[in-house]
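Protein chains in written order, with the working numbering: chain A, 1 to 196; chain B, 197 to 392. Built from N, CA and C at the ideal position, the CB exists for glycine as well. Source: prediction; values computed, not measured. Report on the following structure.
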DNA sequence: AATTTACACTAACAACTGTTAGTTTTTGTA
DNA sequence: TACAAAAACTAACAGTTGTTAGTGTAAATT
């Protein structure tokens with residue numbers, strides 16, 4: 001058996017996925033070639049296939065890893081006893097922090113999922129639809145309980161999630177504003193807009 | 197000279213750009229081939245070059261057409277005498293309607309500009325940065341005048357524009373909600389979140 | 001009717017695509 | 001030190017990429 005670890009990063013496959021995420025984010029999935037990726041990893045293109053099965057497997061790993069983290073978080077929060085506005089704030093903060101800490105992965109899951117092959121594509125979209133529905137239900141419940149102002153839940157969910165996705169633009173920028181200020185201001189904006 | 201008009205759409209070049217916009221939105225710029233585009237237009241790939249200079253010219257036309265429309269609108273609104281919250285609402289509504297009426301074009305300008313070649317890329321990004329700064333200035337002024345609550349202008353602009361970009365997801369969906377409801381609810385959410 | 005112009009076509013180019021087969025080198029274990 | 005597994009390498013594949021050159025044709029202008 002040869003070494004399983006490379007650098008301090010984990011398995012070589014993890015290094016490849018990580019590097020792929022960087023490139024997919026910079027150039028897009030389609031515009032990134034396996035030779036680009038190989039060069040960045042420091043290896044010949046054919047050698048990548050000792051660790052992965054295909055280019056699209058890389059995209060799958062990235063998209064579903066992110067999706068699973070969001071779903072797991074939602075499940076944890078749903079089963080808590082906090083007021084609904086508090087729950088929503090926790091969810092929003094989780095999304096923002098994911099966008100801050102796992103920028104490349106989340107970006108790809110947000111913008112490059114289109115290039116997933118079937119049946120992964122349908123699978124991914126179903127998970128996403130279900131996730132958004134569950135968020136919508138939280139808001140609906142908040143309205144029914146008088147904790148949240150009257151608003152179309154679908155639109156609220158769309159607005160919240162899209163706004164947070166936009167943090168990718170902050171990531172690419174010269175960052176005149178700190179991550180903390182960004183988080184606090186965005187949370188305030190999005191939560192205050194829901195209050196009665 | 198041969199016919200300049202094709203269908204009722206305008207010049208053949210316009211038909212090509214329009215069709216390119218559809219494909220770029222569906223599959224992304226990189227994943228769309230000139231042969232794909234040619235087939236959709238009903239012509240051989242080489243024939244496209246009687247009307248356009250290159251694939252990237254198509255992207256340029258789309259991105260800058262959209263950018264110019266937004267800039268023109270901003271200029272018109274800036275020079276009005278309305279209260280700042282009213283100005284912002286007008287801008288937000290304009291963005292929403294652009295996303296509703298010119299979905300393919302705006303989508304590409306939002307998400308596919310990365311594939312612009314230099315010097316167009318820098319040019320585009322400069323215009324965008326300047327546009328956002330001007331929006332930020334409006335918010336800053338609104339805060340100074342006590343019309344808008346205290347919030348980091350950069351974050352407010354980012355939140356507003358990103359939220360509106362997310363309408364692309366509504367466009368792809370089964371539309372259980374009408375365009376009017378979408379617009380009204382999103383405006384309410386984004387404007388109320390700015391009120392003191 | 002003759003000529004010019006716009007625009008379609010076919011064929012081809014060189015470069016690049018993801019991926020496989022087969023071979024050699026490296027590396028951890030016995 | 002020998003052995004076996006892991007992972008690198010080279011070479012090649014069949015298909016696709018954007019684009020150009022050269023040619024034919026139909027239509028508008030003279």
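Only 26, 27, 28 and 29 from the stretch 17–29 of chain A bring a Cβ to less than 9 Å from some Cβ of chain B. Using beta-carbon distances, residue 49 of chain A does not count as an interface residue toward chain B, since no partner is under 8 Å. Around the Cβ of residue 157 of chain A, a 10 Å sphere holds 16 or more other Cβ atoms; the residue is buried.
Taking the Cα positions, residue 224 of chain B is about 7 Å away from residue 308 of chain B. By the rule that beta-carbons nearer than 8 Å mark a contact, residue 152 of chain A touches chain B. The continuous alpha helix (DSSP H) containing residue 349 of chain B extends over residues 349–361. Beyond the five residues adjoining it in sequence on each side, residue 95 of chain A comes within less than 6 Å, by CB distance, of 164 in the same chain, given in chain order. Distance check between residue 139 of chain A and each of A:186, A:98, A:38 and A:160 places A:160 closest, using alpha-carbon atoms only. Under the 8 Å criterion on CB atoms, residue 333 of chain B is classed as non-interfacial with respect to chain A. The alpha carbon of residue 343 of chain B has as its nearest neighbour, out of B:279, B:310 and B:333, the alpha carbon of B:279. Neighbours of residue 386 of chain B in chain A, taken as residues at a C-beta separation under 8 Å, are given in chain order as 159 and 193. Residue 10 of chain A sits in a strand when the DSSP states are folded into three classes. The stretch 321–331 of chain B makes contact with the stretch 257–268 of chain B: 3 or more CB pairs, one atom from each, lie closer than 8 Å. Within the stretch 168–189 of chain A, those residues whose Cβ lies closer than 8 Å to any Cβ of chain B are, in chain order, 169, 170, 176, 177, 181, 182, 185, 186, 188 and 189. In this structure residue 313 of chain B is exposed. Its beta-carbon is surrounded by fewer than 16 other beta-carbon atoms within 10 angstroms.
As the crow flies, the alpha-carbon of residue 386 of chain B is around 25 Å from that of residue 103 of chain A.
In the structure shown, the three-state DSSP call for residue 284 of chain B is helix. Contact check for residue 377 of chain B against residue 152 of chain A passes: the beta carbons are separated by less than 8 Å. Among the residues of the stretch 257–268 of chain B, none has a Cβ less than 8 Å away from any Cβ of chain A. The shortest C-alpha to C-alpha distance from residue 236 of chain B to any of B:253, B:213, B:255 and B:252 is the one to B:213. Rounded to whole angstroms, the separation of the alpha carbons of residue 256 of chain B and residue 318 of chain B is 12 Å. Against chain B, the CB of residue 142 of chain A has no partner CB under 8 Å away; the residue lies outside that interface.
DSSP places residue 123 of chain A inside the alpha helix (DSSP H), whose first and last residues are 120–144.
With respect to the 8 Å criterion, residue 74 of chain A and residue 114 of chain A are not classified as neighbours on the basis of their beta carbons. With a cutoff of 8 Å on beta-carbon distance, residue 258 of chain B and residue 304 of chain B are scored as near each other. Residue 12 of chain A sits buried, since 16 or more C-beta atoms from the chains shown fall within 10 Å of its C-beta. Within the same chain, and ignoring the five residues on either side of residue 219 of chain B in sequence, the residues whose Cβ sits closer than 8 Å to its Cβ are 228, 232, 233 and 236. Proximity of chain A to residue 351 of chain B at the Cβ level (cut-off 8 Å) is accounted for by 177, 181, 182, 185, 186 and 189, in chain order. A straight line joining the alpha-carbon of residue 154 of chain A with that of residue 282 of chain B spans about 25 Å. Residue 29 of chain A sits in coil when the DSSP states are folded into three classes, being neither helix nor strand.
For residue 231 of chain B, the enclosing alpha helix (DSSP H) begins and ends at 230–237.
Residue 142 of chain A and residue 333 of chain B have their C-alpha atoms some 35 Å from each other. It is roughly 11 Å from the alpha-carbon of residue 241 of chain B to the alpha-carbon of residue 247 of chain B. Listed along the chain, the chain B residues whose CB falls inside 8 Å of the CB of residue 166 of chain A are 354, 355, 357, 358, 359 and 361. Residue-level contact by beta carbon holds for residue 115 of chain A and chain B, with a gap shorter than 8 Å. For the options A:149, A:171, A:80 and A:71, the alpha carbon positioned closest to that of residue 100 of chain A is the one of A:171.
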